[in-house]
Amino acid sequence: MMAMLMALQAFGIDAILPALDDMAVALAVEGNNRQFVIGVFLLAAGVGALVPGALADRFGRRPILLGSIAVYIALSLASALVTNFDQLIAIRAVQGFFGAGIVALPPAIIRDRVGGDKMAKMMSLIFVIFLMVPAIAPSIGELILLVADWRAIFAAMALQGILVGSWVYFRLPESLTDENRQLIEPRVIARNMGRALSQRSVVGYILGSSLVFGALFGFINSSQQLITETFDAGDLFPIVFGICAGSMAVASWSNSRIVERFGARRVSHTALFAFIFVAGLQVWFAFQPDESLWHFVPLMAINMMLLGFIGSNFGAIAMNPFFSIAGAASSMHGFVRMTTAALLGGLIGYSYDGTAQPLALALLASGLVCLALVVFSEKGKLFGPPDAQLGPTKMRNV
50 MMAMLMALQA FGIDAILPAL DDMAVALAVE GNNRQFVIGV FLLAAGVGAL VPGALADRFG
110 RRPILLGSIA VYIALSLASA LVTNFDQLIA IRAVQGFFGA GIVALPPAII RDRVGGDKMA
170 KMMSLIFVIF LMVPAIAPSI GELILLVADW RAIFAAMALQ GILVGSWVYF RLPESLTDEN
230 RQLIEPRVIA RNMGRALSQR SVVGYILGSS LVFGALFGFI NSSQQLITET FDAGDLFPIV
290 FGICAGSMAV ASWSNSRIVE RFGARRVSHT ALFAFIFVAG LQVWFAFQPD ESLWHFVPLM
350 AINMMLLGFI GSNFGAIAMN PFFSIAGAAS SMHGFVRMTT AALLGGLIGY SYDGTAQPLA
410 LALLASGLVC LALVVFSEKG KLFGPPDAQL GPTKMRNV
C-alpha cells in the first residue's frame, strides 16, 4: 500500500514522458520548455511536503493522506481538460503542492512502526514495487497513445488514484498514537522541523541524497530528448527507460536482503563510492565523439541501480532519531530533498545541449559533494556498524 501511494507520484511523472512531443505540438510549446510539466510538479511537491507532516502529527495520518489523494485525483482530471500550456503548468503546480502527502507521509507511517535497519529493509521492499512503476509507466503511456491522445494519460492517473485511495480508505489503520500527537502551533511546528534538520548525524544524509537524486531528476527531465534526439532511438525510449528504472527496483530488492546483516551505512557508503566511479566513466564516454546509446544505457542503468542502494538507506538513517515527530521530520526531509532535487534536476534538464555531457558532469559532481556531506555527518568515519531498531520507549529517551 505504501509503495503504491508513492507510485502515484512516479506514474504522474513517467507515464507522460512519451507524450511530451505530442503535448508540445498540441499546446505550442517550444524547445526544452516541455520539461516544465515534470519540473514544476516535482518542485511544487517538494515545497508542499512541508505541510502534511505537521498536520498529520496532530490530526493523524489517515485524514491528511486521504485529502492528498483526493487532490491528486481531481487535478489529474483537470489536467486532461486544459486548453493551453500555462493552464497545464498551473494545475500541475497545485497538484504537486497539495498532493505532496502521498509521498511525504508513507515514511512517517513506516517510522510509526519500525526503526533502524529494519526500517531500511522495509523501505527497500517498498521501493521494489514503487520503482517498478517508473520502469513500466512510459510503456503504459505509449499504449495509451496508440488508442487515444495525451490527455487520456491524465485520466489514467486519476483512475490509479481512485483505486489506491479506495485501498487506503478501507484498509489503512491510524498509526499515530495519542501520546505522540503534536500541537498545531507555529512555535511547536518550527521547533519540530528544526530538530529534524539540525542534527549533524542527519543533515549530510538529507542534503547528500538531495544532490544525487537531483542528478537523477535531471535524467528524467531530459531522458525523452536524450534518447530521441541525441541517440536517435525514440522507438526504444520505453525500453531504455524501463531498463534504467528497473535496475533501481532490482537494487532495492537486493538491499532488503542484505541491509540488516551489513547495516544501512556500510551498504550505502559502498554504493556511493561505486556511484562516483561509474559517473566518472559516464563523463569520459560523454566527451568521446562516438558515444552511442549502448555506451550510455548500461552505465546509466548501473548508476540508477546504485541509487537504489543509496536512497532508502539514506532515508532510514535520517529518520531514525525522530520517532515522536515522524510526521514533521518526514515533511522537512521531503521538503529539502524534493525542492533541492527538483531545482537541480530542472537546471540539468534545461542545460540539455544535444549531448549527454551536462548530465554526466552533474552525476559526477553530485556524487562527490554527497560524499563530502556524508563524511561531515559521520565525522570522517564511514562504513559504520548496523543500527538496532529504536522503538517508542528508547526514542523518548534520545
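Just add 49 to the spot in the sequence shown (first one is 1) and you have our numbering.
Yeah, the Cβ is synthetic: ideal placement off N, Cα and C, and Gly gets one too.
With Ser304 as the anchor, note down where its alpha helix (DSSP H) starts and where it stops. Note on residue identity: the sequence assigns Asn, not Ser, to residue 304. In the DSSP assignment, Asn304 falls within the alpha helix (DSSP H) that extends over Phe286 to Phe311.
Taking the C-alpha atoms as reference points, what is the distance between Arg306 and Leu174? 9 Å
Secondary structure at Thr389, three-state DSSP: helix, strand or coil? helix
Ile238 and Ala367 - do their beta-carbons sit closer together than 8 Å? no
Cβ shell of Gly283 (< 6 Å), same chain only, five flanking positions each side left out: Thr277
Cα-Cα separation, Gly150 to Tyr121: 10 Å
Could you compute how far the alpha carbon of Phe146 sits from the alpha carbon of Thr388? So the alpha carbons of these two residues sit roughly 11 Å apart.
Where does Gln136 fall in DSSP's three states? If DSSP states are grouped into helix, strand and coil, Gln136 belongs with the helices.
Residues of its chain near Thr404, where Cβ-Cβ distance is below 7 Å and the 5 sequence neighbours each way are ignored: Thr279 and Ala335
Give me the Cα-Cα distance between Ile211 and Gly433, rounded to the nearest whole angstrom. 43 Å
Is it the case that the Cβ atoms of Val424 and Leu260 are separated by a distance below 8 Å? The answer is no: Cβ separation not under 8 Å.
If you draw a straight line from the alpha carbon of Ala350 to that of Leu413, how long is it in whole angstroms? 15 Å
Nonlocal neighbours in the same chain, by C-beta distance under 8 Å from Leu410, ignoring five residues either side: Val332 and Ala335
Under the three-state DSSP convention, the category Met50 falls into: Of the three classes helix, strand and coil, the one that applies to Met50 here is coil, per DSSP.
Extent of the continuous alpha helix (DSSP H) run through Arg110: It spans Arg110 to Ser128 - the alpha helix (DSSP H) in which Arg110 sits, taken as one unbroken run.
Assuming contact is defined by CB atoms lying nearer than 8 Å, are Ile87 and Asn270 in contact in what I supplied? yes
With DSSP collapsed to three states, give me the class of Thr279. helix
Rounding to the nearest angstrom, what Cα-Cα distance links Leu431 and Ser128 in this structure? When rounded, the distance between both Cα atoms is 46 Å.
Tell me the residue span of the alpha helix (DSSP H) that contains Trp216. Arg200 to Arg220
Would you report the Cα separation of Met242 and Gln144, rounded to the nearest angstrom? CA-CA distance, Met242 to Gln144, rounds to 23 Å.
Go ahead and label Ser258 buried or exposed: buried means 16 or more other beta carbons lie within 10 angstroms of its beta carbon, across all protein chains shown. buried
Under 7 Å Cβ to Cβ from Met171, same chain only, skipping five residues before and after it: list those, please. Ile159 and Val163
So, using beta-carbon positions, are Ala81 and Tyr399 closer together than 8 Å? The amino acid occupying residue 81 in the given sequence is Asn; Ala does not appear at that position. Contact: yes.
Is there contact here, the region 97–109 with the region 223–237, by at least three beta-carbon pairs under 8 Å? yes
Cβ-based neighbour list, Ser415, same chain, cut-off 7 Å, excluding 5 preceding and 5 following: Hits under 7 Å: Leu260, Val261, Gly263 and Ala264.
Quick check on the DSSP output: the alpha helix (DSSP H) that includes Val237 runs from which residue to which? Pro235 to Ser247
For Pro441, which residues of its own chain have a beta-carbon under 7 Å away from its beta-carbon, when the five flanking residues on both sides are left out? Unreliable placement is indicated for Pro441, whose pLDDT of 43 sits below 50; the coordinate value is still reported in the next sentence. Excluding residues within five positions, the ones whose Cβ falls inside 7 Å are Phe372.
Who are the near neighbours of Pro183 in its chain, counting only those whose CB is closer than 7 Å to its CB and skipping five residues on each side? Ala59, Asp63 and Ala294
Compute the Euclidean distance between the alpha carbons of Arg83 and Ala123, then round it to the nearest angstrom. 22 Å
On the three-state DSSP scale, how would you describe Arg162? Annotated three-state conformation of Arg162 is coil, per DSSP.
Give me the Cα-Cα distance between Phe290 and Thr226, rounded to the nearest whole angstrom. 41 Å
The alpha helix (DSSP H) with Asn352 in it runs from where to where? Where Asn352 is concerned, the enclosing alpha helix (DSSP H) stretches over Leu342 to Met368.
Take the Cβ of Phe286 as the centre, count every other Cβ of all protein chains shown within 10 Å, and call the residue buried at 16 or more, exposed below. buried
Skipping 5 residues on each side, what residues in its chain have a beta carbon closer than 7 Å to that of Met297? Only residues of its own chain outside the window of five on either side were considered, and among them Leu180, Met353, Met354, Leu356 and Gly357 have a CB closer than 7 Å to the CB of Met297, listed in chain order.
From Met444 to Pro370, what distance separates their C-alpha atoms? Model confidence at Met444 stands at a pLDDT of 38, short of 50, so the residue's coordinates are unreliable; what they give is reported in the following sentence. One C-alpha to the other measures close to 7 Å.
Quick check on DSSP: helix, strand or coil for Pro441? Since pLDDT at Pro441 reaches only 43, below the 50 mark, its modelled position is unreliable, and the value read off the structure follows with that caveat. Looking at Pro441 - three-state DSSP - the assignment turns out to be helix.
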